[in-house]
Amino acid sequence: MLAWAMAAGLIKPSQALALEWNKAAFETKSVPDTLKALGASGSTESGGVQITAPDIAENGAVVPISVESALAKTQAIAILIEKNPNTLSADFDIPAGTDPFISTRVKMAETSNIYALVLADGKYFHAVKEIKVTIGGCGG
Amino acid sequence: MADPMRIRAAMDRGKVDIKVLMAHEMETGQRKDAQGKIVPAHFIRNVTVTHAGRTVLAAQWGTSVSRNPFLHFRFSGGKPGEKVSITWLDNKGETRTDEATISG
Amino acid sequence: MKASVRMRAVLVSTASAGLIAACAAQPSDDDARSRAEQIFRESFTHGNQAMLARVERQDEVQALCSLYRNEPPREIAAKIERTQAATIRFPAQGKLMGDWRRGEQIAQSGYGMRFTDPDTKRPNGGNCYNCHRIAPQEISFGTIGPSLYGFGKLRGSGEAVQRYVYAKIYDPQASVACSNMPRFGHNAVLTEEQISHLVALLLDPDSPVNR
Amino acid sequence: MRTSGMTPRRKALIAGALAASLSVAAAAQDDTQKEIERYRQLLAEGNPADLWEARGEVLWKARRGPKNASLERCDLGLGPGVVKGAFAQMPRYFADTDRVQDLESRIVTCMVSVQGFSPEEAMKNPFSAPERPSDMEALASYVAGASRGMKLAAPLSHPKEIEAFRIGEQLFHRRAGPYDFACVSCHGENGKRIRRQDLPKLDDPKDAQKIFTTWPAYRVSQGTVRTMQHRLYDCYWQMRHPQLDYVSEASIDLMVYMAKYANGGTINAPGLKR
Numbered sequence: 001m002l003a004w005a006m007a008a009g010l011i012k013p014s015q016a017l018a019l020e021w022n023k024a025a026f027e028t029k030s031v032p033d034t035l036k037a038l039g040a041s042g043s044t045e046s047g048g049v050q051i052t053a054p055d056i057a058e059n060g061a062v063v064p065i066s067v068e069s070a071l072a073k074t075q076a077i078a079i080l081i082e083k084n085p086n087t088l089s090a091d092f093d094i095p096a097g098t099d100p101f102i103s104t105r106v107k108m109a110e111t112s113n114i115y116a117l118v119l120a121d122g123k124y125f126h127a128v129k130e131i132k133v134t135i136g137g138c139g140g
Numbered sequence: 141m142a143d144p145m146r147i148r149a150a151m152d153r154g155k156v157d158i159k160v161l162m163a164h165e166m167e168t169g170q171r172k173d174a175q176g177k178i179v180p181a182h183f184i185r186n187v188t189v190t191h192a193g194r195t196v197l198a199a200q201w202g203t204s205v206s207r208n209p210f211l212h213f214r215f216s217g218g219k220p221g222e223k224v225s226i227t228w229l230d231n232k233g234e235t236r237t238d239e240a241t242i243s244g
Numbered sequence: 245m246k247a248s249v250r251m252r253a254v255l256v257s258t259a260s261a262g263l264i265a266a267c268a269a270q271p272s273d274d275d276a277r278s279r280a281e282q283i284f285r286e287s288f289t290h291g292n293q294a295m296l297a298r299v300e301r302q303d304e305v306q307a308l309c310s311l312y313r314n315e316p317p318r319e320i321a322a323k324i325e326r327t328q329a330a331t332i333r334f335p336a337q338g339k340l341m342g343d344w345r346r347g348e349q350i351a352q353s354g355y356g357m358r359f360t361d362p363d364t365k366r367p368n369g370g371n372c373y374n375c376h377r378i379a380p381q382e383i384s385f386g387t388i389g390p391s392l393y394g395f396g397k398l399r400g401s402g403e404a405v406q407r408y409v410y411a412k413i414y415d416p417q418a419s420v421a422c423s424n425m426p427r428f429g430h431n432a433v434l435t436e437e438q439i440s441h442l443v444a445l446l447l448d449p450d451s452p453v454n455r
Numbered sequence: 456m457r458t459s460g461m462t463p464r465r466k467a468l469i470a471g472a473l474a475a476s477l478s479v480a481a482a483a484q485d486d487t488q489k490e491i492e493r494y495r496q497l498l499a500e501g502n503p504a505d506l507w508e509a510r511g512e513v514l515w516k517a518r519r520g521p522k523n524a525s526l527e528r529c530d531l532g533l534g535p536g537v538v539k540g541a542f543a544q545m546p547r548y549f550a551d552t553d554r555v556q557d558l559e560s561r562i563v564t565c566m567v568s569v570q571g572f573s574p575e576e577a578m579k580n581p582f583s584a585p586e587r588p589s590d591m592e593a594l595a596s597y598v599a600g601a602s603r604g605m606k607l608a609a610p611l612s613h614p615k616e617i618e619a620f621r622i623g624e625q626l627f628h629r630r631a632g633p634y635d636f637a638c639v640s641c642h643g644e645n646g647k648r649i650r651r652q653d654l655p656k657l658d659d660p661k662d663a664q665k666i667f668t669t670w671p672a673y674r675v676s677q678g679t680v681r682t683m684q685h686r687l688y689d690c691y692w693q694m695r696h697p698q699l700d701y702v703s704e705a706s707i708d709l710m711v712y713m714a715k716y717a718n719g720g721t722i723n724a725p726g727l728k729r
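Protein chains in written order, with our numbering: chain H, 1 to 140; chain X, 141 to 244; chain L, 245 to 455; chain U, 456 to 729.
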């Protein structure tokens, strides 16, 4: 999460021109480890973060997820999937002028909690939602 | 070479509404092929969207973004007729850039 | 020329969906049926010989149910039920109720007998959830067959019920000719032991179906 | 148990006899269905099949094969070069091949006659695998998409079309294999499901018009577009039959059978499915 790293003073803005990929964060295997890798361990649950997703996914290969933040000065949004082999799925820098809203689709290995993590005005907030993944079609 | 993206850029209540589909396998590195061999991970790591020389969205992705990724977001400050440019870069260094014109 | 006119006439008369079943067994369909058999053979040419032979040659029950569109006349239905009932083999040890936990695994599994299923060591599944609601925890279930939730709670688990359930899974056409349900025992999809585990899934008081 | 045939009074009696726990379970069922519907609605805002359609258009117009020709001279039934609306009148009889053809078999014919491919080359890779994209999936998406919004009007007047329908009808009801399945085993009643998957009653215009008109479709479970040929191949796979030969006569006859009931439905292909 680029904006977060900058907020934490880890890299200078000039370095951010090159495309960064936070290998350490994407290799984490639990929610606490991901939060730690993103410098977001102190994140608090907030009603200002809203997840829009179905309670039940007909197929785990494509699960539609939208995250919207009502928090002022939202700088970044990340999506974490607790029970996936790697927890962190995606993170988005939200520059000023871009709505604090993102909609995408993720893979879920099994029924799991998903976390939407938001960096707003230098602080971390999150929301949680469980999504059930069903066995589809004729099954294996 | 990778197939072009499908980009829909349209004005919606004064903002630019972007929907994009990208043709990419998004291999997790955990799937086995018919011979039982692990298929190496192959996935988009970075997506950058620019408008008028300004980055309006920058994303980092892992392997769990769905195959043929879909992305939807909105930004302010664009007008019909202007261009939006989207670039993705994957873990093998392959990259693709496509442009779309903002429609009314 | 004459033939095509007749075909057209048949088509018009069957245009109403309700009439199709009624017309099914009429001799005018004989030519289409024998042509269809030929086309079928010409359209499945890949795969191993045993698999090809098995679908090319319908057994008597399959042929009759196809002919009558699953609604055989009373006397033919009775004959199917009689001959099928005679084929049911109950477990040699006499134990009709197995382990419901293994039954649940069999009910969930759709593995086996597809042309991509080469692993002969892995047991075939029963595909039960594809068509039936069974344990309430599984929300992904089909509705082609009736709900089996609470099956044992409503009927008990005595030997008569055990025999009924075992027979129903072994060969559903022993009680309902041309039932949609596969003849799992008769067609050697499931073993006698596997069927006994499914009996337990439906009847065992400890099974989630009855709790 | 045939609940569908019950009178309202019998239904009410049975409903009244149900334990409270069962009605709670029924309410949970409604919620499940509602959430599955929501899942499908959320997906509908972006169909990856658009990518196949775009690739198909490029392929259609590209000079390829031993004759270095594009498919733009292909006759899909409305004359050489006419793509728009052609899919809405398929399957149909073609005089040049003297047979009834579906979309894919006709594309194969054009790849052979117009572009000079051998039939084997033209039919080499109809069903993609990851890292092995299929041109046919793209071409079929493009041609089908060019009939979007039109009403399906597959002809059923040539003697060979009528014969195909009659054979398709027989095949639809033909039970075989270790599961005793025919097409009608899963597609003979309204309102049924396999797991959570709704099943169309394919000889009922109400269902057929909605479903037949949405293939080819992007299947989220497979991460690719699948064609109607693949749909039938996949059905027979589940039916424990051997591989249905690609563009075989049985596959086309079954499509003619289904198309009769689907006629009048609005084409919305390529679709988006589980």
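The beta-carbon is built from N, C-alpha and C at its ideal position, and this holds for glycine as well.
- For T111 of chain H, there are no C-beta contacts with chain L under 7 Å, since the nearest C-beta of that chain is about 10 Å from it.
- The criterion of a C-beta distance shorter than 9 Å is not satisfied by F213 of chain X and D33 of chain H.
- A Cβ-Cβ distance of about 6 Å is found for the pair Y115 of chain H and V128 of chain H, placing them in contact under the 8 Å criterion.
- Taking 9 Å as the cut-off, the beta carbon of Q417 of chain L is found closer than this to the beta carbon of R427 of chain L.
- In the structure shown, S89 of chain H adopts extended strand secondary structure according to DSSP, grouped into three states.
- For I135 of chain H, the chain L residues whose Cβ falls inside 7 Å of its Cβ are S384, in order along the chain.
- For the segment 666-700 of chain U, the set of residues with a beta-carbon nearer than 7 Å to any beta-carbon of chain H comprises V675, S676, G678, Q693, in chain order.
- When C-alpha distances from E624 of chain U are compared across U:P614, U:G646, U:V639, U:G632, the shortest belongs to U:V639.
- Membership of D708 of chain U in the alpha helix (DSSP H) is indicated by the continuous run 704-717.
- R326 of chain L has a beta carbon lying at 9 Å or more from every beta carbon in chain U.
- Neighbours of L161 of chain X across chain U, judged by C-beta separation under 7 Å: G501, P503, D505, L506.
- Contact annotation: I622 of chain U and A280 of chain L have beta-carbon atoms nearer than 9 Å.
- Here the segment 503-523 of chain U makes contact with the segment 666-682 of chain U; the two share three or more CB pairs at distances below 8 Å.
- Boundaries around A37 of chain H are those of the alpha helix (DSSP H), 31-37, since no beta strand (DSSP E) includes it.
- Only those residues of the segment 86-102 of chain H whose C-beta falls short of 8 Å from the nearest C-beta of chain X are listed: N86, L88, S89, A90, D91, F92, D93, I94, P95, G97, T98, D99, F101, I102.
- At a cut-off of 9 Å between C-beta atoms, S204 of chain X counts as an interface residue with respect to chain H.
- Taking C-beta separations shorter than 6 Å and ignoring five residues to either side along the sequence, the partners of T669 of chain U in its chain run N723, A724, G726, following chain order.
- 9 Å or more divides the Cβ of G532 of chain U from the Cβ of A524 of chain U.
- In the DSSP assignment, S112 of chain H falls within the unbroken beta strand (DSSP E) covering 112-120.
- Residue pairing from DSSP places Y124 of chain H in a beta bridge opposite H:L119.
- Beyond the five residues adjoining it in sequence on each side, A120 of chain H comes within less than 6 Å, by CB distance, of L71, K73, T74 in the same chain, given in chain order.
- At a cut-off of 4 residues, not a single continuous stretch assigned as alpha helix (DSSP H) sits fully inside the segment 345-371 of chain L.
- Cβ-Cβ distances below 8 Å link S216 of chain X to G154, K155, V156 in the same chain, with the five nearest sequence neighbours on each side left out; the list follows chain order.
- Nearest in C-alpha terms to Q352 of chain L, of all of L:N424, L:R377, L:D273, L:R298, is L:R377.
- The count of Cβ pairs closer than 8 Å, one atom from the segment 275-294 of chain L and one from the segment 396-414 of chain L, stays below three, leaving the stretches out of contact.
- CA-CA distance, Y673 of chain U to K728 of chain U, rounds to 6 Å.
- Going by beta carbons, L607 of chain U and G719 of chain U fall inside the 9 Å limit.
- G536 of chain U and V702 of chain U have their C-alpha atoms some 22 Å from each other.
- In the three-state DSSP reduction, D157 of chain X falls in the strand class (E or B).
- Taking a Cβ-Cβ threshold of 7 Å, the residues of chain U close to P144 of chain X are A509, in chain order.
- Residue state for E492 of chain U is assigned as helix, using DSSP reduced to three classes.
- Across the structure, L699 of chain U and W692 of chain U are spaced so that their CA atoms are roughly 8 Å apart.
- For R554 of chain U, the uninterrupted beta strand (DSSP E) segment begins and ends at 554-556.
- Excluding five sequence positions before and after K516 of chain U, the CB atoms of its chain that fall closer than 7 Å to its own CB belong to S525, E527, given in chain order.
- For R650 of chain U, the closest Cβ of chain H is nearer than 9 Å.
- Boundaries of the alpha helix (DSSP H) around H441 of chain L: 436-447.
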